[in-house]
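Before any comments, here is the structure.
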Amino acid sequence: MNENSCLVDNKGKSSFKYIIFFVIFFTIGVSLGVITTRHFLKDKNNDSSNNDNTSEINDGYTDITNSLDYKNTIEKLMKTIGGNVEFYDTRGMYISTMPNDLKLKLVYKNILKTNTQFETETLNSSQWGSTTCDDGFTVYSLQNDDGSEYLSGMCTVNKVPFTLFRETYSSMFNVGELDLTQEVVVGDKKCVPREDTYLCGDIITDVKGELSSKFNVIKVTLDDEKNIRIYEKGYLVDTRSNIVNPDDGFDNYYLHSYDSNLYYYELKSSENLTFIHKFKLDGNNNYYYESTELEKK
55 MNENSCLVDN
65 KGKSSFKYII
75 FFVIFFTIGV
85 SLGVITTRHF
95 LKDKNNDSSN
105 NDNTSEINDG
115 YTDITNSLDY
125 KNTIEKLMKT
135 IGGNVEFYDT
145 RGMYISTMPN
155 DLKLKLVYKN
165 ILKTNTQFET
175 ETLNSSQWGS
185 TTCDDGFTVY
195 SLQNDDGSEY
205 LSGMCTVNKV
215 PFTLFRETYS
225 SMFNVGELDL
235 TQEVVVGDKK
245 CVPREDTYLC
255 GDIITDVKGE
265 LSSKFNVIKV
275 TLDDEKNIRI
285 YEKGYLVDTR
295 SNIVNPDDGF
305 DNYYLHSYDS
315 NLYYYELKSS
325 ENLTFIHKFK
335 LDGNNNYYYE
345 STELEKK
């Protein structure tokens, strides 16, 4: 074999080696590309599945504050709290030990929020010129032709069925029985039991102003058993005339707890309190109020 033939043969072998190397590296490159693409798509799918903005936090709780999946549930649960000042008690609030009169008050306040129209009944005052009818309901005024007013001697009350009290209580708490033999007083309104109905109407009160909630939701968590905790931070403002002394130099009283007789305290703006409202999930996938506690620092 001459020298030129050897050179051609060697060049052919070298070209074949280059082709083999190219094929090997091309195959490796394609494989790496496929693996990388699969990981990217998997991560993207995981991100998509977590678009409800939930995240794991310490102690087995998941932060669902901004979860789209729980948005409606959280809004529904907050209607139970609904700015009701009675839930903000530094001693804690527990449905298991909540007195019946407080249950009735909370139920009636939630009924009032629905703006439901009820059948009415007219009561007569027992004495002409009296400002109240029996049970302390307020007599309404009528107008003379000259525009002056006079007492009608009558009171108009709403007839709220016991069944609505029971249904509202069950949707809020679902624990124990509700005693419907007690009167209910909420601000300038009162309900008196009559057979299977509460007669509810206005009453006269000397107290002006109100105790109002200035709390805002700062966090909502879900535990391993799917129970929910709602964290609220803020304070209570009391402008009631039987609490506020107009000569003390303060425009409002700021309370640690709704029961001002036991827990009066002048708060500074930096001393906002955080309460934790706990809601339990039952076997029918419904949430019910369980308790409220002051967050321990």
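Numbering (this note's numbering), first residue to last: 55 to 351.
Built from N, CA and C at the ideal position, the CB exists for glycine as well.
A straight line joining the alpha-carbon of Thr134 with that of Tyr343 spans about 8 Å.
Around Thr346, the same chain offers Phe141, Met147, Phe329, His331 as residues with beta carbons nearer than 6 Å, after the five sequence neighbours per side are excluded. Membership of Thr170 in any alpha helix (DSSP H) is not indicated, and neither H nor E is assigned to it by DSSP. The C-alpha of Gly114 lies about 26 Å from the C-alpha of Met226.
Going by C-alpha positions, Leu276 is about 39 Å away from Thr251. If you check the CB distance, Asn281 and Leu348 do not come in under 7 Å.
Taking C-beta separations shorter than 7 Å and ignoring five residues to either side along the sequence, the partners of Asn198 in its chain run Tyr204, following chain order.
With distances taken between CA atoms, Glu279 lies nearest to Asn339 out of Glu249, Lys157, Asn339.
Here Lys351 is exposed: its Cβ has fewer than 16 other Cβ atoms, across all protein chains shown, within 10 Å. Secondary-structure assignment with DSSP links Gln197 through a beta bridge to Glu203. The beta carbon of Val139 is closer than 8 Å to those of Leu265, Ser266, Ser267, Leu290, Tyr312 in its chain, skipping five residues each way along the sequence. Only buried fits Asp292, as 16 or more other CB atoms lie within 10 angstroms of its CB.
Rounded to the nearest angstrom, the gap between the Cα atoms of Gly241 and Thr259 is 8 Å.
Look at Arg220 here: in three-state DSSP terms it is helix. With respect to the C-alpha of Gly136, the residue from Leu122, Tyr162, Pro153 having the closest C-alpha is Tyr162. Annotation: Ile257 to Thr210 spans about 11 Å, alpha carbon to alpha carbon. Between Asn326 and Glu286, the alpha-carbon positions lie close to 10 Å from each other.
Contact check for Lys262 against Ser295 passes: the beta carbons are separated by less than 7 Å. With a contact defined as Cβ atoms closer than 8 Å, Ile128 and Val274 qualify at about 6 Å. Shortest Cα-Cα distance from Gly183 to any of Gly255, Arg248, Gly207, Met132 involves Gly207. For Met208, the uninterrupted beta strand (DSSP E) segment begins and ends at 208-215. When only Cα atoms are considered, Ile284 and Thr168 end up about 23 Å apart. Excluding sequence positions up to five before and after Leu232, its CB lies within less than 8 Å of the CB of Asn154, Lys157, Leu158, Val161, Phe219, Arg220, Tyr223, all in the same chain and listed in chain order.
Inter-residue distance for Met152 and Asp200 is about 52 Å (C-alpha atoms, whole angstroms). Within 10 angstroms of the beta-carbon of Thr192 lie 16 or more other beta-carbons, which makes it buried. A straight line joining the alpha-carbon of Gln171 with that of Tyr124 spans about 31 Å. Assignment of Asn270 by DSSP, reduced to helix, strand and coil, places it in the strand class.
According to the DSSP assignment, Lys350 belongs to no alpha helix (DSSP H), since it is labelled neither H nor E. In the structure shown, the three-state DSSP call for Val240 is strand. For Tyr289, the pairing in a beta bridge is given by DSSP as Lys268. By the neighbour-count criterion, in which 16 or more other beta carbons inside 10 Å mark a residue as buried, Ser121 falls on the buried side.
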